[in-house]
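Okay, so here's the structure we're looking at.
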Amino acid sequence: MYDLFYLFIFIITFLRISRNKMYFKTRTHTCGELRESNIGENVVLNGWVDTRRDLGGLIFIDLRDRYGITQIVFEPNFSKEAHETASSLRSEFVISIEGKVRKRPEGTENPAISTGQIDVMVNKLIILNEAKTPPFPIKDDIDTSEDVRLKYRYLDLRRPALQQNILMRHKMYQLVRKYFDGNDFVEVETPVLMKSTPEGARDYLVPSRLHKGKFYALPQSPQQYKQLLMVSGLDRYFQIVKCFRDEDLRADRQPEFTQIDVEMSFIDQENIFEMVEGLMNILFREILNQKLSTPLPRLTFDQALEKYGSDKPDLRFNLEMVTLNHVFENTAFKVFQDHIKNKGIITGMVAPGCGDYTRNQLDIITDFVKKLGAGGLIWMRVKDNDLEAPIAKFLTDEEKKNLIQSLKAKPGDLIFILSGSRLKALSIMGSLRLEMARRLDLIKPDTAPKLLWVTDFPLFEWDEQTKRFYAMHHPFTSPRLEDVEYMETDPAKVRARAYDLVLNGTEIAGGSIRIHNADLQAKMFKTLGITEEEAEHKFGFLMNAFKFGAPPHGGIAFGFDRMAMIFAGESSIREVIAFPKTASAVSIMDDAPSTVDENQLKELHIKIR
RNA sequence: GGGGUCGUAGUUCAGUUGGUUAGAACGCCUGCCUGUCACGCAGGAAGUCGAGGGUUCGAGUCCCUUCGGCCCCGCCA
């Protein structure tokens, strides 16, 4: 009975399809597949019309699919009918053809494409779908504004370059899954609708229909769940997971992004490093075709800040910064004097060979640092036995000599000096360091990638506005055990068992060893000014879980999109995300976010104000 | 929230001190063309100069407001 029914449906469908001339044969090959070895074969190809070269009596079509391009040829004396139909073909028409693979005539081969030795003589053409002229050409290296590309993202994704990025990303997913599975990690999905936690980034909220006035939050990361999974005894967890943060966007920041989330039990920092380096080895080999030498270099947070002015230093070029406080210990120069007295810092950097920068160029650079909040920029041209600078007259010969020596400056170089509060002066010089690298073109396309660990982050961060300490990483991060004693006396001095993985000046992963001991966690909350009641209210379930036997544990989370961006050689994360949002968190293609029906709001007990 | 930059044909851009009918290239359309691959040749169509307001005899151009893209600071690991 049912069989008859399905047979009926099948016949109806078949009739409808054939009446619409939609019937076509399954392809025998892809458009990137045919070679000289296929010459003489009858083949079926399906794909898009890439380009059309209509010579009148002879029509060439480049047929494109994800796998490549094959040239197909329409000749009237081979198939008059196909040739006639072919004259109506236009860019991006979807077609199906049958034909015979031929060697191209001597001298007409196209070495630029892998199928360039052959073409396919078509004897049957079916137009599966016509297409409007696309708003931009479907080819690489196009010069089209990004908003147009985003509006027609499905067309943008037809371009080979973007498809390559998506395919590379796919390969990364597979390598990651295989690696962690091979190391006994369990992939677990954690909830997307969860409890809002006020610490950290702003949450995306989801109103509850069933519970008036209550909200879920989308996860900023599955942090607490993965720690609970350790309490559950899963021992090794990973997940490739979407995370959400309602903060302003950047070239490397989207409101929704993907993490590789990892957590392990009964381990210390070194075990995490080893596991991560194993993964990076594989990714470097399989994606970049490069051998990564491990163990990776490490810098402490303090070292990174002093030498590179950043907690995510780009080590692809040198331009190291040098702290100069010792040079100016007894200086008569008032600005330096004050900063030394106020526990500030004087930091210097040499711009090699830039001694010929004009006053105008130096003004532009001064303006650059001023925009970042610097009071001013001190510059000095290094001469054969002297320094030429506006402030030179305030310095003793001894100071000049020590300065040149400390910076290892040479005649013809330019010296930059910034002074001020430690964190600010160093990070502004760090920005100037990156700016000078751009100006001096120190990062070439073939410059080797540089991967390193940054360790020993401060546990706390002082916030001037609210006059309290915040957890730099998150409130479950363990202090270094030898620093626990300072938690009450001098919190700023406490270093965390936290670490970042930095690739080419971009943070691609960050993690920590967690607190698994209730007493230490209580101490942590106390330093953060979180009362017991607050802690109970915000993190009670986690605290409670820890009372039932929490193993020592720690983990790390990778910014998957950023990693993909760098591997793909792109400078925006949007180039490796299929459907990204603009800098104002809008999706131009589908017009999200959008207004909703008043009834929807009513159901959710929400009123717009 | 702040700073920078851009917005002119489908696309990428030019457009002088405010001056007649806003141009180019590519793309698109029509015709011709049997070995092209950036096909070629001939012809053609195509504009809310982001939007709104103002100054002016006259605004793509000057002024104000506003919207949008991109980058950066703040924010965010």
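Numbered per our numbering, the first sequence spans residues 4 to 612.
By construction, the Cβ of each residue, glycine as well, lies at the ideal position given by its N, Cα and C atoms.
Just checking my contact of L66 with L37 at CB under 8 Å: how many whole Å lie between their CB atoms? At roughly 10 Å, the Cβ-Cβ gap does not stay under 8 Å, so L66 and L37 are not in contact.
For E467 and L178, what's the separation of their Cα atoms in angstroms? 44 Å
Simplified DSSP state of S2, which is helix, strand or coil: Here the chain covers residues 4 to 612 and nothing more, so residue 2 does not appear.
Enumerate in chain order the residues of its own chain whose CB-to-CB distance from H540 is below 6 Å, with the five nearest sequence positions on each side excluded. none
Sheet register partners of R253 (DSSP bridge): R256
Tell me the rounded alpha-carbon separation between R212 and Y240. 33 Å
Does the Cβ of Y26 have 16 or more other Cβ atoms within 10 Å, making it buried, or fewer, making it exposed? exposed
Does P225 pass the burial test, meaning 16 or more other C-beta atoms within 10 Å, or should it be called exposed? buried
Tell me which residues share the same chain as A474 and place their Cβ nearer than 8 Å to its Cβ, disregarding the 5 neighbours each side in the sequence. E202, L462, F463, E464, T480, M527, L531
According to DSSP, H556 sits in a beta bridge with which residue or residues? S268
For the candidate residues D122, I100, I116, E95, whose alpha-carbon lies nearest to that of K106? D122
Tell me, please, whether the segment 383-402 touches the segment 323-336 by the rule of three or more beta-carbon pairs shorter than 8 Å. yes
Do the segment 280-293 and the segment 414-422 make contact, defined as three or more Cβ pairs closer than 8 Å? no
Give me the Cα-Cα distance between A115 and T73, rounded to the nearest whole angstrom. 12 Å
Restricting to runs no shorter than 3 residues, where is the beta strand (DSSP E) found entirely within the segment 84-160? 97-106, 121-132
Applying the 10 Å Cβ sphere with the 16-neighbour rule, what's the burial state of H86? buried
Straight-line Cα distance separating V265 from N388: 56 Å
By DSSP's criteria, Y311 is part of a beta bridge. Which residues make up the other side? Looking at the DSSP assignment, Y311 forms no beta bridge with any residue, so it has no partner.
Count the CB pairs spanning the segment 496-507 and the segment 163-174 that are closer than 8 Å, and state whether there are at least three. no
Is it buried or exposed, H173, if we count other Cβ atoms within 10 angstroms and call 16 or more buried? exposed
Could you give the C-beta distance for E571 and E578, rounded to a whole number, given that I count them as a contact under 8 Å? The sequence given here places Ala at residue 571; Glu does not occur at that position. Confirmed, about 7 Å.
Under 8 Å by Cβ, that's how I've got D486 and K496 pegged, so tell me the actual separation to the nearest angstrom. 7 Å
Is T147 buried or exposed, if buried means 16 or more other CB atoms sit within 10 Å of its CB? exposed
Judging by CA-CA distance, which residue of D359, P355, I349, K411 is the nearest neighbour of I381? I349
Pairwise C-alpha distance: R319 and P222: 34 Å
Would you say F247 and Y219 are within 8 Å of each other, going by their C-beta atoms? no
Inter-residue spacing [alpha-carbon to alpha-carbon] between G216 and P194: 21 Å
What whole-angstrom Cβ distance do I511 and F542 have, given they're in contact under 8 Å? The pair is not a contact, with the Cβ atoms about 28 Å apart (cut-off 8 Å).
Does the beta-carbon distance from F139 to I130 come in below 8 Å? no
With respect to the alpha helix (DSSP H) encompassing A567, which residues constitute its N-terminal and C-terminal limits? 563-570
Does the distance from the CB of F551 to the CB of V234 come in under 8 Å? yes
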